[in-house]
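Okay, so here's the structure we're looking at.
2 protein chains.
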Amino acid sequence: MTQLPTTTRQIVLASRPTGWPTPEDFRLETVDLPELTDGQVLVRNTAMSVDPYMRGRMNDVKSYVPPFQLDQPLDGGAVGEVIASRGDIPVGTQVLHGLGWREHAVVPADKVSPIDTARVPDSAYLGVLGMPGLTAYAGLMAVADFHEGDAVFVSGAAGAVGSLVGQIARLSGASRVVGSAGSPAKVQRLLDLGFDAAFDYHDGSVTEQLKQAAPDGIDVYFDNVGGDHLEAAIARLNLHGRVAMCGAIAQYNATEPTPAPRNLALAIGKQLTLRGFLVGSYSHLADEFRSRMTDWVAAGLITVDETRREGLDAAPQAFIDLMRGANTGKMVVTL
Amino acid sequence: MTQLPTTTRQIVLASRPTGWPTPEDFRLETVDLPELTDGQVLVRNTAMSVDPYMRGRMNDVKSYVPPFQLDQPLDGGAVGEVIASRGDIPVGTQVLHGLGWREHAVVPADKVSPIDTARVPDSAYLGVLGMPGLTAYAGLMAVADFHEGDAVFVSGAAGAVGSLVGQIARLSGASRVVGSAGSPAKVQRLLDLGFDAAFDYHDGSVTEQLKQAAPDGIDVYFDNVGGDHLEAAIARLNLHGRVAMCGAIAQYNATEPTPAPRNLALAIGKQLTLRGFLVGSYSHLADEFRSRMTDWVAAGLITVDETRREGLDAAPQAFIDLMRGANTGKMVVTL
Chain A
2 MTQLPTTTRQ IVLASRPTGW PTPEDFRLET VDLPELTDGQ VLVRNTAMSV
52 DPYMRGRMND VKSYVPPFQL DQPLDGGAVG EVIASRGDIP VGTQVLHGLG
102 WREHAVVPAD KVSPIDTARV PDSAYLGVLG MPGLTAYAGL MAVADFHEGD
152 AVFVSGAAGA VGSLVGQIAR LSGASRVVGS AGSPAKVQRL LDLGFDAAFD
202 YHDGSVTEQL KQAAPDGIDV YFDNVGGDHL EAAIARLNLH GRVAMCGAIA
252 QYNATEPTPA PRNLALAIGK QLTLRGFLVG SYSHLADEFR SRMTDWVAAG
302 LITVDETRRE GLDAAPQAFI DLMRGANTGK MVVTL
Chain B
2 MTQLPTTTRQ IVLASRPTGW PTPEDFRLET VDLPELTDGQ VLVRNTAMSV
52 DPYMRGRMND VKSYVPPFQL DQPLDGGAVG EVIASRGDIP VGTQVLHGLG
102 WREHAVVPAD KVSPIDTARV PDSAYLGVLG MPGLTAYAGL MAVADFHEGD
152 AVFVSGAAGA VGSLVGQIAR LSGASRVVGS AGSPAKVQRL LDLGFDAAFD
202 YHDGSVTEQL KQAAPDGIDV YFDNVGGDHL EAAIARLNLH GRVAMCGAIA
252 QYNATEPTPA PRNLALAIGK QLTLRGFLVG SYSHLADEFR SRMTDWVAAG
302 LITVDETRRE GLDAAPQAFI DLMRGANTGK MVVTL
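Written as structure tokens, this is what we have:
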């Protein structure tokens, strides 16, 4: 039996960010690993996820997930290999679990899910086949009630969720797929992914650019941004249009309320539906999603986009850069 | 055969209001009545409706109903008696139709609906059994997906629609019914109608007053107002709460954008649904609605609230007063 580690490195929350997070809000620590007890496994993490929703957990407010605690390790999606086991998961199994932000994790065996890395790389389970993928799929199909022939607009379209929303819509018969993003390179990337039109929101009014990009209006808006994007979408939505409200990254780091859609009353005459959602409420779609997505990825119909950073030391900056939009596709930290 | 009238008096749109309408925006005219042609009936109107949605039709903008035309008669819901007929509706029939704002109307026979005035007065077909009633019923039941046990908040609750929303919710097993209105007398009226709590929005922050009135939160918000009421409701809605966006009277006469709900991003974590609607999309519920409502009214379970004005000359001021909230229940002009 190879020597098992007795310590691990982990990232703890050193202080709660006010507005934008900074490196000083994080601290790298080395801590002892406890002995395994019955029902636990030891996982050597190979990759961990940084996600926008983690920003909310850094505030000390009641929300849909409990806040991170000061001086305690952060957590989140991670994949790795079981290297010791006192549960019914054998050593050597590749697994997905919720204790990222550390190199080794002691996890109850019933909180890890074995993953199949034969057809797709392990990190795909943090992105296209994981929570961001299900978010895109459930948000488009169930929340926004997508139907073949719909014109779809997605904001934050170069991100982990947005790039999948556009690709799933295209594969599912959208009449037009439009995305917005934050740089010329991302706009080009969206066109490469098969979006019919894309624009950089820095280039002018979102309302005007969306009008150019979707001259016949839109039926579905997948909102990752909030603020001016939501206002522009409301103006552009056709009768009976639907909005899946997934994120409001424009507001995550704001210390004052951001602009609200001043034209929300248009929702009456247009009979729009705006629906906020959390992916956790759509786990009943997970099997259907994973089956379809695995086929799409294996057939090369969906492009797996990742931005990778290397090493636990790089994780805080990877998260900060994610909030600033430095990534294309899923931001992953390999360990 | 009694002498039939050869002329009628009608109200025309003299000018398009900027902001709040004034008496000068209307003009009373006497015009010749055309001879009936095949398939037409002549109706002596006995009552006509003034409704908030008419304000939108006074603007020259594309909307869900065409705008009123300058120097042309206004129109809207009316009830009356057929006094001449070249269609298959016999003389003497009591009917509901769409050519109000005049004393006599020439209407295609297939555009009038016979009404039963044995159990309810004719004007009820303009209110509790008419468009406002169906708006309340469909908005609560279908749009907001009301379920027994839900706590319901309705704004503009003393109006034609709002007073019915609260009463229908109460009859359908709401755990709590809260209304807001614009005067102490209206608040008292809501309590008399069986609302569990009611407040005057002039008395302070809507958010604070709603918190007092609904300490355990709300599940459904029926929005007749928009603006600060919608923001307050979003703050107070429970997980999976629903908003039926019916009207935004705060904005109808505004010449600048009114405040938008700055907290709309809360809809994500709370997984709220906001849905705008027009009653015209819910005509499939009309039979069910009319049957249930007739029973409720006949059994005295729903109070028919009307504010009446008398004579066509009074119609413009009745409309202006309606926009200012002078009415309790349905504003009706008897002719």
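From first to last, the protein sequence lines are chains A and B. Once you know that position 335 of the first sequence is 336 in our numbering, the rest is easy, because the numbers rise by one and skip nothing. Once you know that position 167 of the second sequence is 168 in our numbering, the rest is easy, because the numbers rise by one and skip nothing. Glycine included, each C-beta is placed from N, C-alpha and C at the ideal position. These numbers come from a predicted model, not from an experiment.
In the structure shown, residue 59 of chain A adopts coil according to DSSP, grouped into three states. Collapsing the DSSP output to three states places residue 164 of chain B in a helix.
Annotated three-state conformation of residue 41 of chain B is strand, per DSSP.
Near chain A, meaning a CB-to-CB distance below 8 Å, no residue of the stretch 207-224 of chain B qualifies. In this structure, the straight-line span from the alpha carbon of residue 280 of chain B to that of residue 268 of chain A is close to 14 Å.
Contact of residue 272 of chain A with chain B by beta-carbon distance below 8 Å involves 276, 277, 278, 279 and 282.
The beta carbons of residue 278 of chain B and residue 247 of chain B sit closer together than 9 Å.
If one requires a minimum length of 3 residues, the beta strand (DSSP E) runs lying completely within the stretch 176-232 of chain B are 177-182, 198-201 and 219-224, in chain order. Counting only runs that start and end inside the stretch 261-310 of chain B, the beta strand (DSSP E) elements of at least 3 residues fall at 274-277.
Per DSSP, residue 131 of chain B is not a residue of any alpha helix (DSSP H), being assigned neither H nor E. A straight-line Cα-Cα distance of about 31 Å links residue 161 of chain B and residue 91 of chain B. With a threshold of 16 other beta carbon atoms within 10 Å, residue 117 of chain B falls short and is exposed. Residue 299 of chain B is classed as exposed because its beta carbon has fewer than 16 other beta carbons within 10 Å across all chains shown. Among the residues of chain B, those whose CB is under 9 Å from the CB of residue 227 of chain A are 265, 266 and 269, following chain order. Taking every protein chain shown into account, the CB of residue 232 of chain B has 16 or more other CB atoms within 10 angstroms, so this residue is buried. Runs of the beta strand (DSSP E) lying entirely within the stretch 77-111 of chain A, each at least 3 residues long, are 79-86, 95-98 and 105-109 in chain order. Secondary structure of residue 330 of chain B (DSSP, three-state): strand. Scanning B:301, B:83 and B:128 for the CA closest to the CA of residue 45 of chain B turns up B:83.
Fewer than three Cβ pairs drawn from the stretch 72-82 of chain A and the stretch 137-148 of chain A lie within less than 8 Å of each other, which leaves the two stretches out of contact. Taking 9 Å as the CB threshold, residue 157 of chain B stays off the interface with chain A. When beta bridges are read from the DSSP output, residue 30 of chain A appears opposite A:11.
Residue burial is scored here from C-beta neighbours: residue 50 of chain A has at least 16 other C-beta atoms within 10 angstroms and is therefore classed as buried.
Restricting attention to B:318, B:70, B:287 and B:317, the CA atom closest to the CA of residue 134 of chain B is found in B:287. By the Cβ rule, the stretch 180-192 of chain A does not count as touching the stretch 121-129 of chain A, because fewer than three pairs are nearer than 8 Å. Following the DSSP letters along the chain, one finds residue 246 of chain A inside the beta strand (DSSP E) bounded by residues 238-246.
By the Cβ rule, the stretch 56-67 of chain B does not count as touching the stretch 105-114 of chain B, because fewer than three pairs are nearer than 8 Å. Not a single CB atom of chain A sits nearer than 9 Å to the CB of residue 294 of chain B.
Excluding five sequence positions before and after residue 151 of chain B, the CB atoms of its chain that fall closer than 7 Å to its own CB belong to 175, 176, 220 and 221, given in chain order. With 16 or more other Cβ atoms inside 10 Å of its own Cβ, residue 238 of chain A counts as buried. The beta carbon of residue 132 of chain B sits closer than 7 Å to those of 78 and 280, all from its chain and outside the five residues before and after it, given in chain order. A direct Cα-Cα distance of roughly 49 Å separates residue 169 of chain A from residue 325 of chain B.
Taking 9 Å as the CB threshold, residue 59 of chain B stays off the interface with chain A.
DSSP places residue 320 of chain B in the uninterrupted alpha helix (DSSP H) bounded by 316-324. Taking the C-beta atoms as reference points, residue 225 of chain B is found nearer than 9 Å to residue 163 of chain B.
Residue-level contact by beta carbon fails for residue 71 of chain A and chain B, as no gap is shorter than 9 Å.
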